[in-house]
Amino acid sequence: MAPPATTKPLRALIALAVIMLGLIAWAFWPGTDSTVRLGLDLQGGTQVILLPKPVSEGASITDEQLQQTVAIIRQRVDGLGVAEAEVTTQGSGEGAAIVVSVPGASQDRLVDLVQKTALLDFRPVYSINNPAPAPSASPSASSSASPSASSTASASASASATEGASPAASPSASASAPVGTTDLVQAPENSPEFQAEVANLDCTNPEAYSGGTPDDPALWLGTCDETGTVKYILEPAFIKGTNVTGASAVLPQGGVGWVVSLEFDGEGAKALGDASTTLSALPDCGLGASPCNAFAIVLDGVVTSAPRFNEPILGGQAQIEGNFTAQEANDLANILKYGALPVTLEAVDITSVSPTVGSEQLRAGLLAGLLGLVLVMVYLIVYYRALGVVAMISLIAAGVIVYLVFVVMSKSIGLTLTLAGVAGAIVAIGITADSFIVYFERIRDEIREGRTLRQACASGWVRARRTLLAADFVSLLAAVVLYLLSVGSVRGFAFVLGLTTVIDVLVAFWFTHPIVVLLGRAGWMQRGSRWTGLDPDRLGAPSMAGTIARQGRRREPKEVPNP
15 MAPPATTKPL RALIALAVIM LGLIAWAFWP GTDSTVRLGL DLQGGTQVIL LPKPVSEGAS
75 ITDEQLQQTV AIIRQRVDGL GVAEAEVTTQ GSGEGAAIVV SVPGASQDRL VDLVQKTALL
135 DFRPVYSINN PAPAPSASPS ASSSASPSAS STASASASAS ATEGASPAAS PSASASAPVG
195 TTDLVQAPEN SPEFQAEVAN LDCTNPEAYS GGTPDDPALW LGTCDETGTV KYILEPAFIK
255 GTNVTGASAV LPQGGVGWVV SLEFDGEGAK ALGDASTTLS ALPDCGLGAS PCNAFAIVLD
315 GVVTSAPRFN EPILGGQAQI EGNFTAQEAN DLANILKYGA LPVTLEAVDI TSVSPTVGSE
375 QLRAGLLAGL LGLVLVMVYL IVYYRALGVV AMISLIAAGV IVYLVFVVMS KSIGLTLTLA
435 GVAGAIVAIG ITADSFIVYF ERIRDEIREG RTLRQACASG WVRARRTLLA ADFVSLLAAV
495 VLYLLSVGSV RGFAFVLGLT TVIDVLVAFW FTHPIVVLLG RAGWMQRGSR WTGLDPDRLG
555 APSMAGTIAR QGRRREPKEV PNP
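Throughout the sequence shown, residue numbering follows the working numbering, covering 15 to 577 in sequence.
This is how it looks when you write it as structure tokens:
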């Protein structure tokens, strides 16, 4: 007994049309880039050569540290999206270099992303000082400055932290580059060496607030904010970066800018609660004020922000707010999330990479794909006739959806298409064509068994979709495994192959099957002419018209002869 025919194919077609309209609106929204990002081999990009240096003097660089550094850099760059980045090492030990190549990334952004050691700590602010160096070795300064640490850190729910007040006078020392005391117990005013270093450092010098120099969280620290307009003397850290378990860029409801949300482990949450309880009881801090209720968020030896504690922060969560753009917030969260580099890195060469394949090879690849698509379409039309036309339109629909998804994912997650990705899309043509052939052959088998076209479209789909899903699942599983175990261009091939396999299932269920069902209801298809692809010569069985005629004759009453 054949299952009932599909009665509402228009629902699937309408759903697919809505999806395509949504993709078109997203892909071609006015004022946004509506092109597919190309990889290093197709459009070139930026290459940075980094020389690793030990964190502490006298230490050596091991191969394990190099491998860890490469892994962290690859995670940071991949965190930008499927960017087809290449991260390799040249040499080993002290003479090793790390080469990072990323398509389409700006030089400044790439260097800033891969060079940061990402050593994060939270320190109580001892005093806020004038950015200029003291006129003498004395740790005092008289000029005023307004802090530019415009960001704050806040907790969730009932806890909050607000910006430090603008200072007015400076009775204490100033600092520029990170310096720590040799005495872990003495306060800075009792350490002449520390005061002398702080007094002679200049926060107005860009080199002083460029970052990239890790600090010792157990030592007092004199440093600048990230714009060089304020100098701080900071006490030893109460939370280290190793206590951060998660970081993400979020846009708060009703907020005016992006923030970086941090989560701490149990030790970090307790330390944050204890420190905020103690510091919130202290008075506001002005220029040179001590004690001070502010704390500094220090990244790579530079103050990212210096908010105040107004009340205890409990719950183990905090936010870094700093007038971030979406890109800046994501980059900072990316750096913090994937951890600190075991070595410091110095960029010794930054170059623009020209395409290794070029536009001519890209055109040749696309031409090969187009030629293969045309040959498949011609074969389907010649062999399946009207059903072949349905397959051709389905292939075109699948191609349009693939392109729209490429554009959307290039805009949203940084999907980058390389020649390997183009190869993955070409391979998917065969997978999609197999889906049509399985369904059409199942329909022909059902007709050979004596079912009408409407019945064959329904029962053939029920049986064909199992084969279709099994085949696509195998392809998708292979793509997922290849994506997880590979890097670089091979990963891009796997991603595109998996994506096109999912789109193949979508088109088969929501386009090809509904269209065939609608055709099965047409009278000219049910008559089984040679242009339907279902005529007796091709089926090796009586035509559907003959089957219908026989069924009609069986239903006609026999004439009774007159006696």
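Where a beta carbon is used, it is the ideal one built from N, C-alpha and C, also for glycine.
Suppose the cutoff is 6 Å on Cβ atoms and the five residues either side in sequence are ignored; what does the same chain contact list for residue i look like?
| i | result |
| --- | --- |
| residue 250 | 232 |
| residue 401 | 454, 547 |
| residue 24 | none |
| residue 65 | 111, 360, 362 |
| residue 58 | 367, 368, 369 |
| residue 365 | 61 |
| residue 525 | 30, 408, 411 |
| residue 101 | 84, 87, 88, 114 |
Can you look up residue i in the DSSP assignment and give me helix, strand or coil?
| i | result |
| --- | --- |
| residue 147 | coil |
| residue 544 | helix |
| residue 348 | helix |
| residue 494 | helix |
| residue 219 | coil |
| residue 244 | coil |
| residue 104 | strand |
| residue 142 | strand |
| residue 23 | helix |
| residue 30 | helix |
| residue 331 | strand |
| residue 379 | helix |
| residue 238 | strand |
| residue 260 | strand |
| residue 324 | coil |
| residue 233 | coil |
| residue 134 | strand |
| residue 252 | coil |
| residue 468 | helix |
Let's see if you can read the secondary structure: which residues bound the beta strand (DSSP E) around residue i?
| i | result |
| --- | --- |
| residue 359 | 358-367 |
| residue 274 | 272-278 |
| residue 66 | 59-67 |
| residue 117 | 111-117 |
| residue 319 | 316-319 |
| residue 313 | 309-313 |
Check each candidate in the options and name the one with the smallest Cα separation from residue i.
| i | options | result |
| --- | --- | --- |
| residue 420 | 524, 438, 368 | 438 |
| residue 240 | 145, 85, 278, 325 | 145 |
| residue 292 | 309, 279, 280, 393 | 309 |
| residue 612 | 327, 392, 235, 422 | Past the boundaries of the shown model lies residue 612; the chain is included only from 15 to 577, so the question cannot be answered. |
| residue 317 | 446, 138, 514, 526 | 138 |
| residue 255 | 242, 263, 276, 238 | 276 |
| residue 350 | 22, 321, 258 | 258 |
| residue 61 | 99, 82, 32 | 99 |
| residue 539 | 463, 388, 458, 497 | 458 |
| residue 78 | 355, 394, 462 | 355 |
| residue 33 | 526, 460, 505, 415 | 415 |
| residue 330 | 343, 357, 279 | 279 |
| residue 412 | 425, 447, 399, 397 | 447 |
| residue 86 | 357, 220, 105 | 357 |
| residue 294 | 125, 322, 435, 73 | 322 |
| residue 520 | 313, 221, 483 | 483 |
| residue 536 | 27, 506, 467, 523 | 467 |
Tell me which same chain residues have a C-beta within less than 8 Å of the C-beta of residue i, skipping the five on either side of it?
| i | result |
| --- | --- |
| residue 494 | 508, 512 |
| residue 433 | 53, 55, 56, 371, 375, 376, 379, 503 |
| residue 391 | 402, 405, 406, 409 |
| residue 253 | 135, 136, 278, 282, 285, 286, 289 |
| residue 46 | 425 |
| residue 22 | none |
| residue 92 | 99 |
Does residue i get closer than 9 Å to chain C when you measure Cβ to Cβ?
| i | result |
| --- | --- |
| residue 220 | Of the protein chains in the structure, only one exists, and it is not chain C. |
If I measure Cβ to Cβ from residue i and keep anything under 7 Å in the same chain, skipping five residues before and after, which residues do I get?
| i | result |
| --- | --- |
| residue 515 | 442, 445, 486, 489, 490, 493 |
| residue 399 | 545, 546, 547 |
| residue 125 | 62, 361, 364 |
What are the boundary residues of the alpha helix (DSSP H) that includes residue i?
| i | result |
| --- | --- |
| residue 405 | 400-426 |
| residue 449 | 433-462 |
| residue 597 | The structure shown has nothing for residue 597, since the chain only spans 15 to 577. |
| residue 207 | 206-214 |
| residue 534 | 527-534 |
- Is there contact here, the region 520-536 with the region 471-490, by at least three beta-carbon pairs under 8 Å? yes
- Could you say if the region 264-279 and the region 328-346 meet the contact criterion of at least three C-beta pairs nearer than 8 Å? yes
- Task: Assess, as a yes-or-no matter, whether the region 46-55 is touched by the region 413-433 under the definition of 3 or more beta carbon pairs within less than 8 Å.
- Result: yes
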